[in-house]
């Protein structure tokens with residue numbers, strides 16, 4: 001498959017007075033179309049920093065981020081914002097729904113930033129809500145009236161409303177119980193099966209098993225990667241291969 005996103009010699013340094021912390025160190029990464037890539041590593045290894053740099057939410061100190069054939073790391077802040085709205089979807093552990101707006105309006109606000117065709121956006125929002133198992137009974141509810149799993153599914157719909165080519169997720173199941181986490185992972189697996197690329201940060205092995213590719217980060221460097229192939233439910237070899245890889249990495 002063609003490459004959708006690439007990082008070349010990516011570095012990120014944070015400075016506090018005279019002290020510099022090198023969080024990412026000369027990383028080279030290629031994300032193929034249709035990849036479900038998970039980034040793992042211990043706390044402080046640079047996982048979220050890498051995710052934000054790849055998505056254009058944060059600028060690298062050095063290096064290039066290339067989306068298809070375009071160097072987005074050279075974009076202005078305004079142009080980066082337009083790029084993210086048009087090409088990327090974002091899902092976080094903290095769901096960030098507007099508590100004063102209905103579920104449907106939370107989604108429409110994101111869609112209308114890109115398209116002014118309210119009728120088409122509304123139709124797509126309702127179709128996506130149905131896809132994630134939420135029917136019309138939830139349209140006029142407020143976020144406080146939903147369970148954590150339901151709210152995260154709404155956040156997924158919001159991330160997909162503009163038909164992004166790549167979805168970035170930062171610990172999307174971290175605050176959910178086991179049942180809700182499984183439902184959310186089922187939705188994300190379906191998204192990937194439909195052809196959308198996903199880049200996800202997680203510390204959870206059950207979540208990581210859904211990916212076809214694991215990148216293991218240590219001290220700002222990609223220590224190694226594991227290719228798991230296409231996800232199959234109840235595949236004992238998949239779990240064993242991932243467990244063996246993580247043990248090798250010192251997990």
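In full-length UniProt numbering, the protein residues as written are 1 to 251.
Just so you know, even glycine gets a beta-carbon here, dropped at the ideal spot from N, CA and C.
- Across the set 41, 152, 163 and 121, the C-alpha of 163 shows the shortest separation from the C-alpha of residue 87.
- Around the C-beta of residue 168, 16 or more other C-beta atoms lie within 10 Å, and the residue is accordingly described as buried.
- Counting of Cβ neighbours within 10 angstroms places residue 220 among the buried residues, the total reaching 16 or more.
- When secondary structure is reduced to three states using DSSP, residue 184 falls in the helix class.
- DSSP places residue 116 outside any alpha helix (DSSP H), giving it a letter other than H or E.
- The count of Cβ pairs closer than 8 Å, one atom from the region 151-160 and one from the region 170-186, reaches three, so the stretches are in contact.
- Beta-bridge analysis with DSSP links residue 22 to 13.
- In this structure, residue 4 places its C-beta atom within 8 Å of the C-beta atom of residue 197.
- Taking all protein chains in view, the Cβ of residue 19 is surrounded by fewer than 16 other Cβ atoms within 10 Å, so the residue is classified as exposed.
- Around the Cβ of residue 106, a 10 Å sphere holds 16 or more other Cβ atoms; the residue is buried.
- Closest option to residue 115, judged by alpha-carbon separation, among 210, 85 and 225: 85.
- Distance from the Cα of residue 193 is smallest, within the candidate group 33, 203 and 103, for 33.
- In the three-state DSSP reduction, residue 30 falls in the strand class (E or B).
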